[in-house]
Amino acid sequence: MQLYQNLFSEFEEYVTPTDIIEFIYCPRFTYFMRNLGIRQYEEKRFKVQVGREKHLDKKQQNIKQIRKRIKGVSKEQEKYLVSKKYGLKGIVDEVYLLEDGTYAPLDYKFAEYKDKEFDTYKTQMAMYSLMLEEVYKTNVSKFFLVYLRSKNLLKEIEFDDKLRKKCVKYLSDYKKVIAGFYPKATASKARCIDCCYRNICEK
Ligand code: SF4
């Protein structure tokens, strides 16, 4: 096992929620990409569907009603968030001030609702919630997802301590790997089939 010679902060590099999603998909993949300078071809990059879909049709009537549905008082759009504590950065679609005085992030997904991908989106939003707590010096208790291809299905998800701790653990594990720790391969061998690192990866 290699020593953790560097702390994450020394890299002066911020991690994004998408980086963490990729890491969860396969920690070993992150190791190759970040530590060995082996950049993957973009077209072979894992198709982690957490990108920022720009082709949103926010003019739809239902979208306009979102604020009403979630009891939002005001909102900020395309909010750039940075957490110095966790070395995290990202842009969330919207940040709402709710009637109860709390803040909540909301993201639109140009996707249909599917259980399989829900966890990925949930983790992504939990990362935004962590950042929001630091930037707004507040406690975030929930966040929202809107599935544009499922008739603007609105999902409200609780941001509880369990999820908060889970995110912090992901970030801690990620930092160890980019500091040199060689992680286990993904347990899902199906993920290796199209991986650009499969020829150098011992499984
Ligand atoms: S070959 Fe499999 S275990 Fe290795 S980096 Fe790729 S996805 Fe991960």
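Each step along the sequence shown adds one to the number in numbering that gives the first Met the number 0, with nothing skipped, and position 96 is 95. Virtual Cβ for every residue (Gly too), placed ideally from N, Cα, C.
Given the structure, does Cys194 come close to the ligand SF4, in the sense that its CB is under 6 Å from one of the ligand's heavy atoms? yes
Look up Val167 in the DSSP assignment and say whether it is helix, strand or coil. helix
Measuring only the C-alpha atoms, how far is Ser149 from Glu111? 5 Å
Look at Val94 and Lys84 and say whether their C-beta atoms are less than 7 Å apart. no
Which two residues bound the contiguous alpha helix (DSSP H) that contains Leu222? Because the chain is modelled from 0 through 202, residue 222 falls outside the range shown and cannot be assessed.
Environment of Ser128 [buried if 16+ CB atoms lie within 10 Å]: buried
Three-state secondary structure (DSSP) at Ser128? helix
Is Glu98 closer than 7 Å to Lys70 when the C-beta atoms are compared? yes
Helix, strand or coil at Pro26 [DSSP, three-state]: helix
Cα-Cα, which of Lys115, Ala125, Asp114 and Ser140 is closest to Asp106? Ala125
Rounded to whole angstroms, what's the CA-CA distance from Cys194 to Asn138? Just pull it up for me. 39 Å
Go through its chain and collect everything with a Cβ distance to Leu162's Cβ below 7 Å, but skip five positions before and after it. Ala125
Could you name the residues that DSSP lists as bridge partners for Pro104? Val94
Per DSSP, Lys78 forms a beta bridge with which residues? Val91
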